[in-house]
Every structure is written in structure tokens, then in C-alpha cells.
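Chemist: The structure is given below, and queries will be raised subsequently.
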Amino acid sequence: MKMPKVWEILRKFKSKCEGQGWKTSESEDWVEIGDEYHNFLWTRNIHPASFKSIASSRKCVVREGSSYRVVEASYTAWLFSESPSEIFVKTVFENPDFCKRIALYDLSPLLEGKNLCFKFNQTDSLVFQEFENFLKNELNVKIKKIPAPQLTGEGVTVAEAA
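Set out below in C-alpha cells:
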């Protein structure tokens, strides 16, 4: 069975969110509930220093008609199409503020045709909980927790450590 690409997964998930009365954007990857923005960022990989800068800024772009505004994202989910390095995961694990606001999803096994993804989510985001339910129930994906990092080398990835 061919698995969908990240953008297809998000498009289908946002459609489901709209069905629950949550506000979404056609051109950006966020879901709004009340006054909270739950942002989705997808990437192949990212340098830890770049991640820290982006994660610390908490910015989310919201398009309104032909204009844009920047809001503070309450939560951000990072969707990886390649397994993140253990050093990257350690960066999140070691920062209590990041742990409360940031979820990590390693979708690389899913994109390789396996019904599996790895997650690290200690947030209380209803949207991210619903995203996990969507992966399980709509795509039949088994979700495993990303193991706590034990640095064995810079080249080790989440999939290799699990």
C-alpha cells in the first residue's frame, strides 16, 4: 500500500479538524481552537541551532484575505520525513519549555510504506492528540514513543535507536 506524502496527510487531517468546528488555513499548516494556534512544521531535517531559534520564536503566519499577520503559536508539531538525529531529540528532551509546547513526529517509516511512526508528545494539545488518533484510525498507523536519548554518536537517528 502506498502511503501518502506529509502534505497529503496534513490536508486530510485539517479537513477532519474543520469537521469538528476548528479553524484551519488552506495555505498554512495550523489549526486554531479558541485563541490557541497549533502549528505544524514539516521538514526533512534541521540543524539543532536553527531548531532552537525557530522553536524559541514561537511564530506562526496567519493569512487573512490578501494580508498576513504573525501570531504566537501555543504549540508546534515538527513532522519529519527523515528520522531526526538523536542529538536533535536530546535538544527537545533537555528543555522543559520545549517539552510543554513541542511535539515531534518521525514519519519516515510511514513514508517508506510501513504503518509506523515515532512520536514525542508531552504537550496537552488537543489538536496533536487528535492528529495521533487520525494517524491510528484513518491510516492504520502504529505509533511508538521516541525513546529517551542516550547519546551514542551524532549520526544515530530515532529509527536506529528504537
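Residue numbering for the sequence shown follows this note's numbering, beginning at 5 and increasing consecutively.
Think of the CB as a built atom: it goes at the ideal place given N, C-alpha and C, for glycine as much as any other residue.
As the structure is a prediction and not an experimental result, all values here were calculated from the model.
Where do the ends of the alpha helix (DSSP H) carrying W11 lie?
Modeler: V10 to G23
Chemist: For P153, which of helix, strand or coil comes out of DSSP?
Modeler: Secondary structure of P153 (DSSP, three-state): coil.
Chemist: Could you give the residue range of the alpha helix (DSSP H) that holds I37?
Modeler: Element bounds for I37: not the alpha helix (DSSP H) but the beta strand (DSSP E), W34 to I37.
Chemist: Please report the straight-line C-alpha distance between A152 and T28, rounded to a whole angstrom.
Modeler: Answer to the nearest angstrom: the Cα atoms are 32 Å apart.
Chemist: Heavy atom of the ligand NAP less than 7 Å from the Cβ of R105, yes or no?
Modeler: The ligand NAP is absent from the structure shown, which contains no ligand whatsoever.
Chemist: Identify whether N125 lies in helix, strand or coil by the three-state DSSP scheme.
Modeler: strand
Chemist: What's the C-alpha gap between W26 and S129?
Modeler: Cα-Cα distance, rounded: 13 Å.
Chemist: Report yes if the C-beta distance between D20 and F102 is below 8 Å; otherwise report no.
Modeler: A small fix is needed here, since residue 20 is Lys in this sequence, not Asp. Contact: no.
Chemist: Give the single residue among S61, E136, S57 and G69 whose Cα lies nearest to the Cα of L83.
Modeler: E136
Chemist: Am I right that V35 and V131 are in contact with their C-beta atoms under 8 Å? What's the rounded C-beta distance?
Modeler: 5 Å
Chemist: Indicate the three-state DSSP secondary structure (helix, strand or coil) for K118 in the structure shown.
Modeler: coil
Chemist: Consult DSSP for R62 and reduce its assignment to one of helix, strand or coil.
Modeler: coil
Chemist: Going by DSSP, what residue range makes up the alpha helix (DSSP H) through I91?
Modeler: If you look at I91, you'll find it in the alpha helix (DSSP H) that goes E90 to F97.
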